[in-house]
Each structure stands twice: as C-alpha cells, then as structure tokens.
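The next block holds one structure in the form of structure tokens; read it before the comments.
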C-alpha cells in the first residue's frame with residue numbers, strides 16, 4: 002500500500018515539475034513581448050511626432066511661398082460664384098447667360114469694347130497724390146558737334162525717335178578741312194622720312210662692306226710688302242754670291258724673277274687698297290646719322306597718330322581716315338551721329354546756323370524708363386521708404402495701372418507747401434507716359450497681401466437688372482456676349498473695383514451696354 006502511494010506521489014511530482022517550468026517560460030515570454038510592444042509603441046509615437054512636425058514645417062513653408070508669390074500680382078476676382086447670396090430676395094443668374102445680336106443690331110448698337118483694368122486693393126494704399134511725368138535725367142544725352150562750322154542740314158524733329166549711329170546733322174567745317182590737309186602733309190613727310198631712313202640703312206650696309214674690303218686690302222698690301230722685302234734681301238745676297246762664284250747666274254735669275262713678281266704684287270695691292278679707301282669715302286654713312294633719321298621718323302609717326310586720333314574724335318570714321326590719300330579726298334562735311342537710341346526731346350540748332358566747337362545741337366532721351374515726381378506732405382513721409390511700391394494711373398488710360406518703385410525721397414522740404422518731392426521710377430517701354438503728363442500716384446504698403454490688386458471696370462460698362470449689377474463680356478464671336486454678374490466696390494473716378502465676377506484683362510462692353518441690357522430683357526423680362 003505504501004509502495005503504491007509512493008509511486009503515485011512520484012508520478013504527481015514528475016508531472017508537476019514540467020508544469021512549473023512551462024509557466025516560468027510563459028511568464029518570461031509575456032514580459033518580453035510586453036517590453037517589445039512598449040518599445041515599438043514609443044518608436045511609433047516618436048515617429049508620429051516627428052512626422053507631424055515635418056508636415057507642419059512643410060505646410061508653413063508652402064503657405065509662406067504661396068503668400069510671397071502673390072505679392073505685387075493682380076488678384077482675380079472670383080467668377081463662378083453666386084453673387085446674390087448676400088442680397089435677400091434678389092434673383093440669381095444660373096448658368097452662362099449669352100446674348101447674340103444680328104449683323105444689323107450689331108451695326109446699329111455701335112458698341113465699344115474696353116479692357117478690364119487694374120487697381121490697388123483699397124487696403125493696400127497708404128497715401129495718394131498727384132504727380133507729373135519727367136524724363137529720367139540719367140538717360141538724357143546731348144548731341145555735340147566737336148568742331149565749329151555751319152549746319153548744312155539737321156534731322157532732329159522734336160518727338161522723333163532716332164537710333165544709335167543715325168545721322169542727326171551735317172556740319173560744314175573749315176577746321177575739319179584744315180586738319181585733314183595737315184594730316185595729308187604729315188603723311189607725306191612721314192613717307193619721305195621712312196625713305197631716308199631706309200637709304201641710310203642701305204648705305205650703312207655698303208659702308209660696312211667697304212670697310213671690310215679696305216681691311217682686307219690693307220692686310221694684303223702688308224703681306225705683299227713683306228714678301229717684297231724678303232725678295233730684295235734674297236736678290237742682294239744672291240748677287241754677292243754670284244760675284245764670288247758661290248752660286249750660278251741661273252740661280253740669280255730665279256731670285257731676280259721672284260723680286261719682280263713681289264714688286265708687281267705690291268703695286269697691285271696698293272692699287273686695290275686705294276680703290277677700297279676711295280669707296281669708303283664715297284659711302285660716309287655713320288651710326289649717329291642713322292639714329293638721327295630713326296628719331297625723326299618716330300617723332301613724325303607720333304605726330305601723325307595724334308592728328309589721326311583728332312580726326313576720329315571729330316567724328317570721321319576709320320574707313321574715311323584710312324582712305325585719305327590725296328587732297329581731292331578732303332571734305333569739310335562732318336556727319337554728327339546719335340550716341341544713343343531715343344527720342345529727340347530738345348533741338349537747339351537749325352539749318353545754316355553757325356555752331357561753335359563742342360556746341361550742343363540737340364538732346365536725345367531714352368524714354369523707356371521715366372520718372373514720376375509726386376509731392377508728399379511732411380506728415381506722410383514717414384510712411385514711405387525707398388524701394389517700396391507705387392502705382393500710377395492716368396485719365397488718358399482709364400483702368401490701366403502702371404507699377405513703379407520709389408527711387409528717391411528729397412531730404413529737403415518746400416517751406417511754403419511743407420511737401421517733399423518723391424520720385425517713382427517706372428518702366429515705359431511703349432512710351433505711353435508723356436513728359437509733363439499729370440498722373441495720379443498711389444503709394445502702396447510693401448509685402449504680403451497689401452500689394453494685391455483688383456480688377457477695375459468703367460462705370461459705363463455696369464448695368465443693373467433688378468438689384469443685381471452686371472456687365473457684358475465680349476467673346477471671340479463679335480456678335481455674342483456673355484452676361485456676367487459682378488460684385489463691386491465703391492465708385493471712384495467713374496470706375497468700380499470688382500470684388501467678384503471679372504478678371505483683369507477681360508474684354509467688356511462700355512458704350513452700348515444699355516442696348517445689350519434692353520435686348521436681353523426682351524426675352525428675359527421676368528428677371529426685372
């Protein structure tokens with residue numbers, strides 16, 4: 002019995018031991034899983050936070066970029082909106098309402114199409130004033146005659162556009178003719194000086210050869226004289242030897258012949274020496290003479306270069322100066338050409354007038370960039386700064402806004418008016434703005450939405466149907482027009498800023514828009 006009990010307990014123990022081990026492993030695995038889950042959750046949380054921050058930064062940068070990209074650009078008014086939502090009881094136009102005229106109706110209506118202009122948004126304007134268009138003084142260039150003379154012709158009418166290099170006037174100048182004559186004379190003198198120098202060089206070469214020949218003949222003469230002296234000595238000695246019978250007469254004859262040959266050689270050498278000496282006397286060129294010729298020639302070259310430069314400064318072309326080789330080519334006529342491309346803004350000289358050297362004939366101004374000078378009161382100067390924007394409008398171009406930039410604020414105040422001049426620099430490529438023209442100037446806030454603009458429509462283009470303001474937009478078909486509901490700002494100078502319904506640059510009907518309204522209401526009378 003006890004034995005069976007022990008076996009049962011043993012079995013129980015055997016079974017319980019593995020069970021406790023498994024529980025321990027499971028607990029460890031659970032703890033590890035929980036730890037890993039916690040770490041993973043932390044990573045996810047950190048990644049989420051970083052992602053949110055990154056999205057926020059990118060979004061902020063994009064918002065700033067879009068905001069900045071709109072600075073100074075026209076802001077189109079919304080078009081496809083219901084502009085009657087804020088007008089209780091008013092009728093709303095749905096869809097695109099079109100009206101088409103017949104050829105007869107179009108001809109009878111005599112419609113005028115205008116472009117929707119542009120204006121600063123009311124919130125953008127700080128100060129407004131009047132101004133006057135002035136020439137950009139940095140782009141004014143005088144036309145000068147470098148020589149005195151008589152104006153033979155002038156092609157410089159006020160307001161005329163002239164290109165760089167184009168002939169403005171022709172001057173008849175005696176001074177110019179005299180300078181050309183002097184140039185020709187100096188050119189001839191230089192040619193003669195160059196010839197003399199070359200001759201001296203040639204003579205120098207000949208003299209050098211003659212000197213070498215004289216040296217050679219001198220050496221030959223000395224050698225011949227030495228041989229003659231030796232032959233004479235041999236002859237005297239041989240003659241004495243013959244007298245005493247030491248040598249034969251035949252030997253004496255040989256010595257005598259040698260003496261005669263030596264005498265003949267000396268005579269020939271003397272003749273050659275004398276000829277070489279005479280040739281050297283005929284070619285007496287010396288180094289100092291060559292140097293003198295060279296110095297004179299270089300001085301003449303410098304003088305003629307100076308006169309040539311003077312002719313070029315006066316206005317003669319390189320080609321004309323190079324071709325000046327004879328008195329027949331001398332001309333007193335000097336063409337005066339334009340130094341820049343621009344508009345004649347001043348003409349001083351007339352035909353047959355006498356002008357002095359460096360006299361001003363006309364003035365040419367580049368009007369592609371002009372100044373607008375406005376007067377700003379002392380109390381408002383603090384609101385402006387260099388580089389800030391400004392806009393210019395003119396009654397001559399209604400609805401057209403021309404942008405500019407403040408380039409100068411006068412530090413001096415007018416004591417009577419307490420105003421200072423403010424200069425706006427404006428691009429004027431088509432020369433719409435004219436010198437002396439009066440314009441309206443609006444000084445705008447700089448940066449952000451404050452420089453945004455709005456469409457501007459003329460009062461004549463606006464009609465009413467019920468309590469709704471509308472305009473008629475032109476299409477590619479000259480007989481078809483689209484009715485556009487618009488929401489307008491306050492009227493100013495017979496124009497309205499458009500809050501909704503149009504874009505800058507749209508084409509709308511001005512004169513005759515009332516006739517289009519009447520034609521539209523013939524088939525839509527229920528909308529009244």
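Numbering (our numbering), first residue to last: 2 to 529. Using N, Cα and C, we set each Cβ at its ideal position, and we do this for glycine too. If you're wondering where the values come from, they're calculated on a predicted model, not measured in any experiment.
Query	Result
Between residue 521 and residue 489, is the Cβ-Cβ spacing less than 9 Å?	no
Does the segment 136 to 154 touch the segment 348 to 359, meaning 3 or more C-beta pairs lie closer than 8 Å?	yes
For a test of the three-state rule: what should DSSP assign to residue 103, helix, strand or coil?	coil
Take residue 305 and list the residues in its own chain whose beta-carbon comes closer than 8 Å to its own, dropping the five residues that flank it on each side.	184, 187, 188 and 191
Taking residue 427 as the reference, which of 420, 436, 321 and 421 has the closest Cα?	436
Could you name the residues of the same chain whose beta carbon sits closer than 6 Å to that of residue 232, not counting the 5 residues immediately before and after it, in chain order?	259, 260 and 263
To the nearest angstrom, how far is the alpha carbon of residue 133 from that of residue 433?	14 Å
Please go through the same chain and pick out, in chain order, the residues whose beta-carbon is closer than 8 Å to the beta-carbon of residue 359, but skip the five residues on each side of it.	145, 146 and 147
Span of the beta strand (DSSP E) holding residue 523?	Per DSSP, residue 523 belongs to no beta strand (DSSP E); it is in the alpha helix (DSSP H), 514 to 524.
Is it buried or exposed, residue 328, if we count other Cβ atoms within 10 angstroms and call 16 or more buried?	exposed
Which value, in whole angstroms, describes the spacing of the CA atoms of residue 222 and residue 251?	30 Å
According to the neighbour-count rule (16 or more other Cβ atoms, all chains shown, within 10 Å of its Cβ), is residue 270 buried or exposed?	buried
Using 10 angstroms around the beta-carbon of residue 470, count the other beta-carbons present and answer buried if the total reaches 16, otherwise exposed.	buried
Please state if the CB of residue 341 and the CB of residue 365 are separated by a distance shorter than 9 Å.	yes
Return yes when at least one heavy atom of the ligand PLP lies under 8 Å from the C-beta of residue 192, else no.	Looking for the ligand PLP in the displayed structure turns up nothing, as the structure carries no ligands at all.
I'd like to confirm the pairing. Which residues does DSSP put opposite residue 402 in its beta bridges?	Partner(s): none; residue 402 has no beta bridge.
Kindly indicate the opening and closing residues of the beta strand (DSSP E) around residue 424.	420 to 428
For residue 375 and residue 463, I'd like the C-alpha separation in whole angstroms.	32 Å
Just to confirm, are residue 101 and residue 515 a CB contact at a threshold of 9 Å?	no
Apart from the five residues just before and just after residue 219, which ones in its own chain have a Cβ nearer than 7 Å to its Cβ?	274
Using alpha carbons as the reference points, say which of 347, 399, 411 and 441 lies closest to residue 391.	441
Suppose you measure from the CA of residue 135 to the CA of residue 338; what does that come to, to the nearest Å?	25 Å
Of the choices 411, 394 and 429, whose alpha-carbon is the least far from that of residue 421?	411
Is the beta carbon of residue 120 closer than 9 Å to that of residue 496?	yes
Which residues in the same chain as residue 81 place their Cβ atom closer than 7 Å to its Cβ, once the five residues preceding and following it in sequence are excluded?	Note that residue 81 scores a pLDDT of 48, beneath 50, so its modelled location is shaky; the value from the coordinates is reported in the next line. So the list is empty, once near-sequence residues are dropped.
Label residue 162 either buried or exposed according to how many other C-beta atoms from any shown protein chain fall within 10 Å of its C-beta, with 16 as the threshold for buried.	exposed
Anyone know if the C-beta pair for residue 322 and residue 313 falls short of 9 Å?	yes
Unbroken alpha helix (DSSP H) runs of length 4 or more, entirely within the segment 280 to 367: which are they?	288 to 315 and 319 to 323
Can you tell me whether residue 164 is buried or exposed, with buried defined as 16 or more other CB within 10 angstroms of its CB?	exposed
Do residue 177 and residue 317 come within 9 Å of each other at the CB atom, strictly closer than that value?	yes
Specify the secondary structure class of residue 97 as computed by DSSP and reduced to three states.	coil
Helix, strand or coil for residue 134, going by three-state DSSP, please let me know.	strand
So residue 180 and residue 308 are supposed to be a Cβ contact under 8 Å. How far apart are they, rounded?	7 Å
Tell whether a beta-carbon distance below 9 Å holds between residue 517 and residue 112.	yes
What does a CB cutoff of less than 7 Å around residue 511 pick up in its chain, not counting 5 residues either side in sequence?	113, 115, 459, 461 and 462
Nearest to residue 169 by alpha carbon, out of 298, 345, 138 and 175?	345
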